[in-house]
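Sequential numbering of the sequence shown, starting at 75, is according to the working numbering. Scroll down for the structure; my scribbles are underneath it.
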Amino acid sequence: MVAKKQQIAVIGAGLMGHGIALTLAKAGQYVTITDPFQEARATVSDRIRHSMSAMGDDEATIAGALKMIEILDTTAEAVRGADVVFEAAPEKLALKQKIFAEIEAHAPDTCILASNTSVMPITQIMSKLRLKNRAVGTHWWNPPHLIPLVEVVKTEWTDPKVAQDMFDLLADAGKTPVMVEKDVPGFIGNRLQHALWREAVSLVENGICEAEDVDTVVKSCFGRRLAVLGPLENADLVGTDLTLDIHENVLHDLESRQGPSPYLEKLVAEGRLGMKSGQGFRKWTDEEADAVRAKVTSHLRKLETILEN
């Protein structure tokens, strides 16, 4: 049940924006959504319907959510009268700043402004706002309608009440919000994730194993318990003394370069961009790539059902 009905505006109707919109509409909030590209606006309802169907929602639930979403042609129309605005534009600082300048010109002064970004400091994005105290970061994870976590990121200017109101809105919509008290690149989740990825790339780069072996180890070992046992819970489980012993023996040998891996840079330079190009760390057919995507969706749906019960 929605604790407080609000008007939510979503700027950007792509992969992230449509998922944010459907999540909030499904929770009973009124949502306006826009995108600068006419095709994105024209197809967003179909994409929302497809995503909800993939989640297992019935036709009545889908129809109910779509009734709560209004697709508008401009940002000015979408944010007029809004209580909360979520920006879900590409990861380009100048573009996000431009969007927020337009949002602030048309949205009420009482409106909460949130940027969805994976790694960019919210302080940089919001630095040119007139009213900086009402701005926060909200890092929704892809796909946003299936991944529970949303990181709520405070800047040095953020009013604590604004951050808490955003936290409560997300919790009421069925998400699992966490509060990030300091605005650092990557926030919490991506700092953890890419620390793992850096070591994973290094293992392949240095000939220790093949890319498929890295993925097999994670999926067949500690990855299986991560959904129910976080890393610091695990450290307490085995003992901080044992954890210290392990760190004294292994940390000095882990990858610690400050920049990207030369091996990763080489893959990109050669056009080996992953599933979208047919080859990255591994070779992929279209059928294999589609199977991975379907497997992830199915797994997330099953996991959500298990955790709810």
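A virtual CB, placed ideally from N, CA and C, is assigned to each residue, including glycine. Since this is a predicted model, take the numbers as computed values, not measurements.
Own chain, CB closer than 8 angstroms to residue i, minus 5 neighbours either side, in chain order
i: Leu-341; result: Leu-347, Gly-354, Phe-355
i: Pro-334; result: none
i: Ala-101; result: Val-76, Asp-246, Ala-247, Gly-248
i: Val-288; result: Ala-274, Leu-277, Val-278
i: Thr-191; result: Glu-165, Lys-170, Ile-199, Gly-211, His-213
Where residue i sits in the DSSP three-state scheme
i: Leu-325; result: helix
i: Glu-144; result: strand
i: Met-90; result: helix
i: Gly-263; result: helix
i: Met-75; result: Note that Met-75 scores a pLDDT of 41, beneath 50, so its modelled location is shaky; the value from the coordinates is reported in the next line. Here Met-75 sits in coil by DSSP.
i: Thr-314; result: helix
i: Lys-357; result: strand
i: Pro-305; result: helix
i: Met-253; result: strand
i: Val-291; result: helix
i: Gly-333; result: coil
i: Gly-348; result: strand
i: Glu-279; result: helix
i: Thr-379; result: helix
i: Asp-120; result: helix
i: Leu-220; result: coil
i: Arg-298; result: helix
i: Lys-202; result: coil
i: Gly-130; result: coil
i: Ala-150; result: helix
i: Ala-368; result: helix
In DSSP terms, what residue i is bridged to
i: His-213; result: Glu-225
i: Ser-189; result: Glu-161, Gly-211
i: Thr-108; result: Ile-85
Neighbourhood of residue i by C-beta distance below 6 angstroms, restricted to the same chain and skipping five residues each side
i: Asp-257; result: Pro-195, Ile-196, Thr-197, Val-227, Thr-229
i: Thr-106; result: Ala-83, Glu-144, Leu-146, Ala-152
i: Pro-217; result: Gly-93
i: Trp-231; result: Lys-206, Asn-207
i: Glu-344; result: none
Assumed close pair residue i, residue j - CB separation to whole angstroms, cut-off 8 angstroms
i: Thr-394; j: Phe-160; result: The first residue shown for the chain is 75 and the last is 383, placing residue 394 beyond what the model contains.
i: Val-252; j: Glu-286; result: Wrong, their Cβ atoms sit about 32 angstroms apart, outside the cutoff.
i: Ile-82; j: Gln-103; result: 5 angstroms
i: Val-158; j: Gln-80; result: 6 angstroms
Same chain, Cβ closer than 7 angstroms to residue i, neighbours up to 5 away in sequence not counted
i: Glu-329; result: Arg-272, Glu-273, Ser-276
i: Glu-121; result: Looking at the sequence provided, one finds Arg at residue 121 rather than Glu. Only His-92 meet the Cβ criterion.
i: His-219; result: Gly-93, Leu-96, Thr-97, Ser-125, Met-129
i: Ile-262; result: Glu-225, Val-252, Val-254
Whole-angstrom distance between residue j and residue i, CA atom to CA atom
i: Arg-265; j: Lys-235; result: 26 angstroms
i: Ile-282; j: Leu-318; result: 25 angstroms
i: Arg-115; j: Ile-145; result: 7 angstroms
i: Gln-267; j: Leu-303; result: 16 angstroms
i: Gln-238; j: Ala-188; result: 13 angstroms
i: Leu-89; j: Asp-315; result: 44 angstroms
i: Pro-164; j: Thr-290; result: 32 angstroms
i: Asn-280; j: Asp-109; result: 44 angstroms
i: Val-312; j: Thr-379; result: 29 angstroms
i: Pro-182; j: Ala-156; result: 7 angstroms
i: Glu-176; j: Leu-244; result: 24 angstroms
i: Ala-365; j: Glu-284; result: 21 angstroms
i: Ala-269; j: Ala-209; result: 28 angstroms
i: Ile-320; j: Ser-119; result: 51 angstroms
i: Leu-140; j: Glu-307; result: 40 angstroms
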